[in-house]
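Number of protein chains: 2
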Amino acid sequence: MTTTQTIRLMLVDDHPVMRAGLANLLGLEPGFTVVSQVDDGETALQIWPQYRPDVTLLDISLQGMDGLETLQRLREKFPEARVLMLTSSEAQEDVRLALKSGANGYITKNTRRAELVAAIREVMAGGQPIGEAIARRLAEEGDSKQLSPREVEVLGLVRQGFTNADIGRLLDISERTARAHLGSIMAKLQAADRAEAVARGFERGLLKI
Amino acid sequence: MTTTQTIRLMLVDDHPVMRAGLANLLGLEPGFTVVSQVDDGETALQIWPQYRPDVTLLDISLQGMDGLETLQRLREKFPEARVLMLTSSEAQEDVRLALKSGANGYITKNTRRAELVAAIREVMAGGQPIGEAIARRLAEEGDSKQLSPREVEVLGLVRQGFTNADIGRLLDISERTARAHLGSIMAKLQAADRAEAVARGFERGLLKI
DNA sequence: CCCGCTATTGGCGTATCCGCCAATAGGGAA
DNA sequence: TTCCCTATTGGCGGATACGCCAATAGCGGG
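As structure tokens, then:
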């Protein structure tokens, strides 16, 4: 008989019902035990060392510090932590940032139970499970260029209805430079004008509602 | 002893984990029983008459037909159905449409268990529970004017980067008329230009990712 | 029947936008 | 060091956008 260690889990999600569902689902699964549940990032960082779970299931949309920031800090303080992102966001920016920040996997909440369990086991085995739909997106849009920090900043101002001159003033650069950034933004997002650039920004997760 | 009838529930949600969580949570609650769970709108419409649940918990983001359309069709065919929207969308457009379409309540998924249970009971009692955060939003933004169907159509084209002339051509109206619509859109959304109008459209739920 | 809202169009003019060409400077990778 | 990317700025000009004023027509409610 193969003695498989019980996998100890921590859940970080601000939806009580979702946590309850996960706890129930995974608690019943042989070989899994949920040792801790929290509903925000700060608490997660505090609690983690007390339990040192094998795998942490982390949502992105949290109150206060979001899941991506929580991920980064968690990995800074505890590089040995294994984190599986479990979120409803399919935005490529979220996926990209999560993976870049060292997530051990990324799956969406509409994943079936069996696949969820499999993903957790894969994380334990040292793999990096990526949901199908997500993987497909990454492949499709993977070649698209990403915006520089400055460009994201400019896009955020465009979103608020500022003119190029306004943006120049706000960022303390010339109107011409603001235009150059916007030009580059539109090229990268394949947008015909600033309005479409904003739309693409939302679609990609660069801009949040 | 007050003989309270057991409340029979139907769950419509495309997240397996969420369904499991709800089923578990509500199944354990005295006086509640989950008689059916489905993951899409079409099935919900087919199955409903077979169970005739007292209350249907309906999510908005579903594969294929979305929750709002499901709600409309459900109420057309079975006006006696009581539907409590249970979704993660806080977009005012979703709330507005749901209530207009006859939803018996609207609460978000980050609702606590006790409040969820209370909301279901309130629906049974003939009330129309609205989540706190949602109610607050409705009060705040309630006075803002809503877009006409034509304006929503135009906004959808603006989002895609079309110029006013393009929009005129596509809708078979003059460029001047397209401009007039956009002018009215910007006024209603309090946007300084088309880019901000698009952003506001996303924030309100008029535009979907 | 009158009122209000929606959809439609026109003229006129200024404000902004966006493209094309070109150039400098600094940081990081190879 | 060389090369590339990012950030920065300039000139020039045609294309679009947006504001203000005004007007017609249809539709549904009171």
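Taken in sequence, the protein lines are chains A and B.
For the numbering used here, add 10 to where a residue sits in the first sequence, where the first one is 1.
For the numbering used here, add 10 to where a residue sits in the second sequence, where the first one is 1.
Ideal Cβ positions, reconstructed from N, Cα and C, are used throughout, including at glycine.
Quantities reported herein were computed from a predicted structural model and do not represent experimental measurements.
Tell me which residue opens and which closes the alpha helix (DSSP H) that residue i is part of.
{"i": "A/F212", "result": "R204 to R214"}
{"i": "A/A95", "result": "Just to set this straight, residue 95 of chain A is Met in the shown sequence, not Ala. Note, A/M95: premise wrong, no alpha helix (DSSP H); beta strand (DSSP E) at V93 to T97."}
{"i": "A/L107", "result": "Q102 to K110"}
{"i": "A/L217", "result": "Here A/L217 belongs to no alpha helix (DSSP H), and DSSP marks it neither H nor E."}
{"i": "B/T43", "result": "Segment F42 to V48 is the beta strand (DSSP E) holding B/T43; no alpha helix (DSSP H) there."}
{"i": "A/T80", "result": "G77 to K87"}
{"i": "A/I183", "result": "First-last for A/I183: undefined, no H or E at that position."}
{"i": "A/Q200", "result": "Careful: A/Q200 lies outside any alpha helix (DSSP H) and carries neither H nor E."}
{"i": "B/A124", "result": "R123 to M134"}
{"i": "B/P139", "result": "No alpha helix (DSSP H) holds B/P139; DSSP gives it neither H nor E."}
{"i": "B/Y90", "result": "The question names Tyr, but residue 90 of chain B in the sequence shown is Glu. Segment: none, B/E90 is in no alpha helix (DSSP H) and carries neither H nor E."}
{"i": "B/Q60", "result": "G51 to Y61"}
Given this structure, state the Cα-to-Cα distance separating residue i from residue j, to the nearest angstrom.
{"i": "B/E150", "j": "A/L78", "result": "30 Å"}
{"i": "B/A202", "j": "B/S194", "result": "11 Å"}
{"i": "B/D24", "j": "B/G166", "result": "26 Å"}
{"i": "B/G51", "j": "B/D76", "result": "7 Å"}
{"i": "B/P40", "j": "A/Q82", "result": "42 Å"}
{"i": "B/Y61", "j": "B/A143", "result": "32 Å"}
{"i": "A/L181", "j": "B/D49", "result": "48 Å"}
{"i": "B/A33", "j": "B/L96", "result": "14 Å"}
{"i": "A/M134", "j": "B/S98", "result": "30 Å"}
{"i": "A/G178", "j": "A/V162", "result": "14 Å"}
{"i": "A/V164", "j": "A/S184", "result": "13 Å"}
{"i": "B/S111", "j": "B/R189", "result": "31 Å"}
{"i": "A/F212", "j": "B/G137", "result": "36 Å"}
{"i": "A/L72", "j": "B/T187", "result": "43 Å"}
{"i": "B/I140", "j": "B/A101", "result": "13 Å"}
{"i": "B/R160", "j": "B/H191", "result": "8 Å"}
{"i": "B/P59", "j": "A/R122", "result": "27 Å"}
{"i": "A/T173", "j": "A/I219", "result": "21 Å"}
{"i": "A/F88", "j": "B/R146", "result": "39 Å"}
{"i": "A/L38", "j": "A/R29", "result": "14 Å"}
{"i": "A/E86", "j": "B/Q200", "result": "42 Å"}
{"i": "A/G74", "j": "A/T80", "result": "10 Å"}
{"i": "B/N175", "j": "B/I70", "result": "Checking the sequence, you will find Ala at residue 175 of chain B rather than Asn. Cα to Cα, B/A175 sits roughly 35 Å from B/I70."}
Which chain A residues are close to residue i, counting only those with a beta carbon under 7 Å from its beta carbon?
{"i": "B/N34", "result": "A30, G31 and N34"}
{"i": "B/G171", "result": "A201, A202, D203, A205 and E206"}
Taking 8 Å as the cut-off, decide whether the C-beta atoms of residue i and residue j are in contact.
{"i": "A/V45", "j": "A/L68", "result": "no"}
{"i": "B/N114", "j": "B/L94", "result": "yes"}
{"i": "A/V27", "j": "B/G31", "result": "yes"}
{"i": "B/A108", "j": "B/I117", "result": "no"}
{"i": "A/E103", "j": "A/R214", "result": "yes"}
{"i": "B/Q47", "j": "B/L21", "result": "yes"}
{"i": "A/T43", "j": "A/T16", "result": "yes"}
{"i": "B/K198", "j": "B/L148", "result": "no"}
{"i": "A/A209", "j": "A/M196", "result": "no"}
{"i": "A/A54", "j": "A/L84", "result": "yes"}
{"i": "A/R169", "j": "A/L126", "result": "no"}
{"i": "A/D64", "j": "A/R92", "result": "yes"}
List the residues of chain B whose Cβ lies closer than 8 Å to the Cβ of residue i, in chain order.
{"i": "A/N120", "result": "D24, H25 and P26"}
{"i": "A/R123", "result": "P26, V27 and A30"}
Check for me: the beta strand (DSSP E) holding residue i runs from which residue to which?
{"i": "B/I17", "result": "I17 to V22"}
{"i": "A/G31", "result": "Careful: A/G31 lies outside any beta strand (DSSP E), inside the alpha helix (DSSP H) at P26 to L38."}
{"i": "A/L67", "result": "V65 to L68"}
{"i": "A/G166", "result": "Taken as a continuous stretch (DSSP letters only), A/G166 belongs to no beta strand (DSSP E), being part of the alpha helix (DSSP H) at P159 to R169."}
{"i": "B/G73", "result": "The residue asked about is misnamed: residue 73 of chain B is Gln in this sequence, not Gly. Segment: none, B/Q73 is in no beta strand (DSSP E) and carries neither H nor E."}
{"i": "A/I223", "result": "In this structure chain A extends from 11 to 219, so residue 223 of chain A is not present and cannot be described."}
What does residue i touch in chain B if you count any residue whose Cβ is under 7 Å from its own?
{"i": "A/R92", "result": "Simply none; closest approach about 20 Å."}
{"i": "A/V168", "result": "A205"}
Using a C-beta to C-beta distance shorter than 8 Å, which residues of chain A count as neighbours of residue i?
{"i": "B/I219", "result": "A101, F212 and E213"}
Which bits of chain B does residue i rub up against, with CB to CB less than 9 Å?
{"i": "A/L126", "result": "P26 and V27"}
Mind listing the chain A neighbours of residue i? Cutoff is C-beta to C-beta under 9 Å, in chain order.
{"i": "B/S98", "result": "H25, S71 and S98"}
Hey, is residue i close to the ligand MG, as in C-beta under 7 Å from one of its heavy atoms?
{"i": "A/R18", "result": "With respect to the ligand MG, the structure offers nothing, as it holds no ligand at all."}
Discussion item. Against chain B, which members of the segment 192 to 216 of chain A pass a CB distance test of less than 8 Å?
Written reply: Taking 8 Å as the Cβ-Cβ cut-off against chain B, the residues of the segment 192 to 216 of chain A that qualify are A201, A202, D203, R204, A205, E206, A207, V208, A209, F212 and E213.
Item to complete: With 9 Å as the limit, tell me which residues of the segment 141 to 157 of chain A have their beta carbon closer than that to any beta carbon of chain B; keep them in chain order.
Response: Those residues of the segment 141 to 157 of chain A that come within reach of chain B (Cβ to Cβ, closer than 9 Å) do not exist; the list is empty.
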